Amino acid sequence: MTTELRVLAPEQWDTMFDRIERAFTGAPESPEGRAQWRRVSEPGRMLTAWDGDELVGTAGAFSFRMTLPGGAPAAVSGVTMVSVQPTHRRRGVLTSMMRRQLDDFRDRGEPFAVLTASEPAIYGRYGYGIASRQLSGTVDTDRVVLHAPQGVEQVRFRLLPAAEALGACERIYAELVPARAGMLARQPGWETQAVVDAPGERGGAGPLLCVLAETDGEVRGYARYSTTSRWSPAGPQGSVNLKEVSALDPVTYAALWRYLAGIDLTSTIAFRNLPVDDPLVHLVSDPRRCTLGFRDALHLRVLDVGAALSARSYAAPVDVVLAVEDAFRPEDSGTWRLTGDAKGASCERTTDAAELVVPVAQLGAAYLGDASLRSMAGAGFVRELRPGALAEASAAFRTDTAPWLPHGF
Ligand SMILES: CC(=O)SCCNC(=O)CCNC(=O)[C@H](O)C(C)(C)COP(=O)(O)OP(=O)(O)OC[C@H]1O[C@@H](n2cnc3c(N)ncnc32)[C@H](O)[C@@H]1OP(=O)(O)O
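By full-length UniProt numbering, the letter at position 324 of the sequence shown is numbered 324, and the numbering carries on one by one without gaps.
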C-alpha cells in the first residue's frame, strides 16, 4: 500500500473531522464541541494521509506558546487529532505522518513538540517522553475539613453561568501562565474551550457554573464546576464536578475549596486535572478520605537539543556532557555540553567525552522538571559515564514547582 501525505484543504475540514470521529470510536462531538475544534484549527497545519481518493490518516498541530522552567515562553507545536482509519491500521501510516510532522516542526525552528496521548504506549517510539502528569481524585466533604488560613472569611463569592465569567477568569489565567512550566499562553479561540457545555454531554449533571472569588471587590480566583444530584435513603449525596480552580494567592485558593466543600446537598468533590504538587493535599484534614490518582498528561519530544536545553533555566549549577540518543531521527543524535544555573544556560555541540547518556524520550520526560534523571537511570534508560554527572544533572533538571498542562488539546 502506498499512501500520499498532503496538507488538508480548508473545504475538506468536515470530512476530516468525520474520519477522526470514526477512528476514535465514540459518539460524535456535540455541535458546540465540533464548532470549538473548528474555531481553533489552524489552516495549513493538518497533515492528512490518502489512499487514492480516500482520506485514511490525520495528524494536526496547533501553534502554542508554553512556559519553560524559569518562566520564559517558547513556541511549540501541539500535536492533535491523530488518527488512522481502522481499514488502514498497523501498516505504518502513523509512522509516516510522525516523521513528516517532526521534519516540519524542525523546519519551523521549534526545539521541541508536545502532545497528549489517547494511549501513552503509542508515542515513545517517536521520541516523546512523559513530561508532566496530572492529579485526579475525590474529596469526601462529609468527613474532610478544609484548612482555613487567616483572611479566608474576607473572601466573597459571585456565582455565574461559566460563559458569563469568561473575561475575569482569563485575566487570572494570564497571570498564572508564567508561574508554572507546561502552561500554555492563551491563543485566540482557546478561551471558549473551557466553557463548552453541551447539554447532551453533561451526563446528568447541571450546567457549568463559575464562582468568582473576590477580596475588596477584586477578582482573585475562580472555580468552574457543575453539580450532580444524588439521593440515598440516608439523605442527599450529590457531587461537585470540579473542572478548574485557580487563584492568585493561597487565601483565595483555600477559600474556593471551602466554598466547594460547603455546597449543600453534596458530599463529594470530584476533580480530574490538578498539578501533582497542588496545595489541596495539604488543605485537607484527612487525606485517607480522599482518593488520589496520577496519570500522564503532556508528552514532550526534543527536536533540537542545543536550543531546547539552553532555553530553560536549571535549579542547580550544571556542567555536564550529554550524549543524546535519537533512534527515530538518528541524524539528531550527538553530544552536547550543557552549562547553566538558575539564571540561564548554554548548550553546544562538543567533541568532549560523553558523561551521561540520555535517550531522547527520557530527555523529553526530564525537560520540564517532572521525571527525575536519577529515577530513569534506575530503570536503565539513563547511563552515567563520569561519576557524579548523574547527581549533578538530575538535581539541575528538577523544578521546585511541578509542570502542569491545564487543558487537553
Ligand atoms: C495526539 C493524539 O491525537 S492521540 C490520538 C491517537 N489516535 C487514536 O488513539 C485513535 C485510534 N487509533 C488510531 O487511529 C491508530 O490506531 C493509531 C493512530 C494509534 C496508530 O496508527 P497506525 O497507522 O496503525 O500506526 P503504525 O502502523 O504506524 O504503527 C507504528 C507502530 O506503533 C504501534 N502502535 C500503533 N498503535 C498503537 C497503540 N494504540 N498502542 C501501542 N502501539 C501501537 C504499532 O504496533 C507499530 O509498532 P512497530 O513499529 O513496533 O511495528
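Each residue gets a CB set at the ideal place from its N, CA and C atoms; glycine is no exception. If you're wondering where the values come from, they're calculated on a predicted model, not measured in any experiment.
Cα atoms of THR3 and THR87: separation of roughly 13 Å, rounded to the nearest angstrom.
DSSP lists LEU322 and ARG349 as the beta-bridge partner residues of TRP336. In this structure the region 160-170 touches the region 202-210; the number of beta carbon pairs closer than 8 Å is three or more. Contact annotation: THR15 and LEU68 have beta-carbon atoms that are not nearer than 8 Å. A Cβ-Cβ separation of about 26 Å leaves THR399 out of contact with THR291 under the 8 Å criterion. SER313 and SER132 have their C-alpha atoms some 17 Å from each other. Per DSSP, the unbroken beta strand (DSSP E) holding ARG220 starts and ends at 218-228. Within 7 Å of the C-beta of VAL40 there is not a single heavy atom belonging to ligand 1. Taking 8 Å as the cut-off, the Cβ atoms of SER239 and THR268 count as close. C-alpha of PRO287 to C-alpha of VAL281: approximately 7 Å in a straight line. Linking LEU47 to GLY189 through their CA atoms gives a straight-line distance of about 21 Å. Bounds of the alpha helix (DSSP H) holding PRO250 are 250-261.
Note on geometry: alpha-carbon atoms of LEU298 and ALA234 lie some 42 Å from one another. Annotation: the continuous beta strand (DSSP E) that includes ASP140 extends over 133-140. Taking all protein chains in view, the Cβ of ASP326 is crowded by 16 or more other Cβ atoms within 10 Å, so the residue is classified as buried. Taking 8 Å as the cut-off, the beta carbon of ALA396 is found no closer than this to the beta carbon of ALA308. In the DSSP assignment, the residues bridged to PRO359 are GLU325. Counted as a single uninterrupted DSSP element, the alpha helix (DSSP H) harbouring GLY167 occupies residues 166-176. The beta carbon of ARG220 sits closer than 7 Å to those of ALA213, GLU214, ALA247, LEU248, ASP249 and THR252, all from its chain and outside the five residues before and after it, given in chain order. The three-state secondary structure of GLU54, taken from DSSP, is strand. Each residue's CA atom was taken as its position, placing GLY203 and ALA194 some 17 Å apart.
For the 8 Å CB-CB criterion, LEU356 and LEU390 form a contact. Looking at the backbone, the Cα of VAL84 and that of ARG289 are separated by about 42 Å. Under the three-state reduction of DSSP, ARG19 is assigned to helix.
By the neighbour-count criterion, in which a residue is buried when 16 or more other Cβ atoms sit within 10 angstroms of its Cβ, LYS343 is exposed.
Ranked by Cα distance from VAL145, the options LEU283, PHE409 and ALA9 are led by LEU283. The three-state secondary structure of LEU160, taken from DSSP, is strand. DSSP, reduced to helix, strand and coil, places MET1 outside both helices and strands of the structure shown, so it counts as coil. For ARG34, the enclosing alpha helix (DSSP H) starts and ends at 31-40. For THR268, the enclosing beta strand (DSSP E) begins and ends at 266-274.
Residue nearest to ASP18 within the set ALA35, SER375 and ALA223 is ALA35 (criterion: CA-CA distance). DSSP links SER232 through a beta bridge to GLY235.
Per DSSP, VAL152 is not a residue of any beta strand (DSSP E), being assigned neither H nor E. Distance check between GLU201 and each of GLY334, SER30 and PRO43 places SER30 closest, using alpha-carbon atoms only. Rounded to the nearest whole angstrom, the C-alpha separation of VAL318 and GLY70 is 15 Å. Remark: C-beta atoms of PRO275 and ARG180 approach each other more closely than 8 Å.
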